[in-house]
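Here's the structure we're looking at; comments come further down.
Chains as they are written, first to last, in my numbering: chain F, 1 to 136; chain D, 1 to 136.
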């Protein structure tokens with residue numbers, strides 16, 4: 001179905017914080033938004049939600065790790081259904097903390113790529129907002 | 001399957017520009033990364049790739065439109081398979097242009113939400129990079 005064939009545009013509804021956390025916890029891949037010297041960057045990571053914070057791993061010293069520490073970050077997760085043209089998205093905004101003393105054997109998110117991603121990163125939501133798009 | 005049960009971590013491979021454009025064109029929902037006064041923001045949009053640029057629509061005057069004009073943006077699309085823990089992602093970085101004189105009846109991406117999204121936005125890739133994660 002081409003998007004042109006959607007006769008009934010959908011309607012956006014704001015999600016409550018509880019709904020945002022519930023949907024966020026239902027997915028395993030999300031996207032981190034940060035800024036490097038050139039501007040905004042968006043990269044996917046596997047993650048978990050634990051005690052109200054977002055946890056993911058990256059490799060120490062890579063671009064994500066080098067630039068995340070210097071300011072707030074965004075974290076986005078979503079789900080979209082092409083057929084019904086509906087879905088939801090959740091956006092977390094807040095400060096980034098590197099969690100010390102963790103190893104890949106600890107609890108927490110396990111990255112899908114190989115095991116160089118030993119740095120555990122926490123994004124603490126200052127705000128969490130989300131929208132659901134209902135089919136038209 | 002819990003991520004803990006993946007015994008064979010996958011391997012990341014860089015994608016060529018041609019592969020990036022091909023994969024980017026295969027999806028209809030991606031995510032715009034930009035910066036507002038508080039920091040990075042990541043929001044999903046429906047999009048098309050046309051003549052090597054990314055096109056999407058938003059509503060004139062909303063947060064996306066107000067903040068996109070002031071600098072470079074990021075655009076991300078991805079696909080992930082939870083079962084095989086594999087997938088790909090593509091990241092476009094470049095300047096943003098608002099395309100004048102367009103109406104919802106023109107060619108271009110048709111947003112899934114209702115028809116207030118009359119502003120056509122173009123992101124011209126300065127760089128396009130991508131990675132494929134092969135199953136372990």
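Heads up, the beta-carbon is just placed ideally off N, CA and C, and yes, glycines get one too.
Residue i to residue j, Cα distance in whole Å?
i: residue 74 of chain D; j: residue 120 of chain F; result: 24 Å
i: residue 57 of chain D; j: residue 118 of chain D; result: 6 Å
i: residue 44 of chain F; j: residue 97 of chain F; result: 18 Å
i: residue 71 of chain D; j: residue 62 of chain F; result: 24 Å
i: residue 35 of chain D; j: residue 35 of chain F; result: 8 Å
i: residue 48 of chain F; j: residue 79 of chain D; result: 18 Å
i: residue 81 of chain D; j: residue 87 of chain D; result: 6 Å
i: residue 133 of chain F; j: residue 127 of chain F; result: 20 Å
i: residue 14 of chain D; j: residue 95 of chain D; result: 23 Å
i: residue 204 of chain D; j: residue 108 of chain D; result: Since the first residue shown for chain D is 1 and the last is 136, residue 204 of chain D is missing from the structure and cannot be characterised.
i: residue 116 of chain D; j: residue 17 of chain F; result: 26 Å
i: residue 131 of chain D; j: residue 129 of chain F; result: 29 Å
i: residue 19 of chain F; j: residue 29 of chain F; result: 18 Å
i: residue 85 of chain F; j: residue 91 of chain F; result: 20 Å
i: residue 37 of chain D; j: residue 12 of chain D; result: 34 Å
Please determine, among the options, the residue with the shortest C-alpha to C-alpha distance to residue i.
i: residue 52 of chain D; options: D/33, D/132, D/123 and D/30; result: D/123
i: residue 135 of chain F; options: D/93, D/111, D/132 and D/92; result: D/111
i: residue 89 of chain D; options: D/77, D/30 and D/81; result: D/77
i: residue 69 of chain F; options: F/32, F/83 and F/14; result: F/32
i: residue 64 of chain D; options: D/42, D/50 and D/23; result: D/42
i: residue 60 of chain F; options: F/18, F/46, F/40 and F/99; result: F/99
i: residue 83 of chain D; options: F/20, F/27 and F/116; result: F/27
i: residue 216 of chain F; options: D/19, D/130 and D/93; result: Residue 216 of chain F cannot be examined here, being either before or after the span of chain F that is shown, 1 to 136.
i: residue 125 of chain F; options: F/85, F/66, F/55 and F/46; result: F/55
i: residue 46 of chain D; options: D/66, D/25 and D/38; result: D/25
i: residue 21 of chain F; options: F/66, F/50 and F/12; result: F/50
If you follow the beta strand (DSSP E) that residue i is part of, which residue opens it and which one closes it?
i: residue 12 of chain D; result: 11-14
i: residue 126 of chain F; result: Taken as a continuous stretch (DSSP letters only), residue 126 of chain F belongs to no beta strand (DSSP E), as it is neither H nor E.
i: residue 80 of chain D; result: 73-81
i: residue 36 of chain F; result: 29-36
i: residue 117 of chain F; result: Taken as a continuous stretch (DSSP letters only), residue 117 of chain F belongs to no beta strand (DSSP E), as it is neither H nor E.
i: residue 52 of chain F; result: Residue 52 of chain F -> no beta strand (DSSP E), and no H or E assigned at all.
i: residue 97 of chain D; result: 96-99
Counting along the chain, where does the alpha helix (DSSP H) carrying residue i start and finish?
i: residue 66 of chain F; result: 63-68
i: residue 25 of chain D; result: 17-25
Run down chain F in chain order and give the residues with a C-beta less than 7 Å from the C-beta of residue i.
i: residue 35 of chain D; result: 35 and 40
i: residue 29 of chain D; result: 80
What residues of chain B sit near residue i, judged by a beta carbon separation below 9 Å?
i: residue 71 of chain F; result: Absent from the structure: chain B. Protein chains present are F and D.
Given that residue i touches chain F, what residues does it touch there, using C-beta distances under 8 Å?
i: residue 43 of chain D; result: 76, 89 and 91
Against residue i, what residues of chain F qualify as contacts under a CB-to-CB distance less than 9 Å, listed in chain order?
i: residue 57 of chain D; result: Chain F residues near residue 57 of chain D: none, gap ~11 Å exceeds 9 Å.
Could you work out which residues of chain D lie near residue i, taking near to mean beta carbons separated by less than 7 Å?
i: residue 133 of chain F; result: 112 and 113
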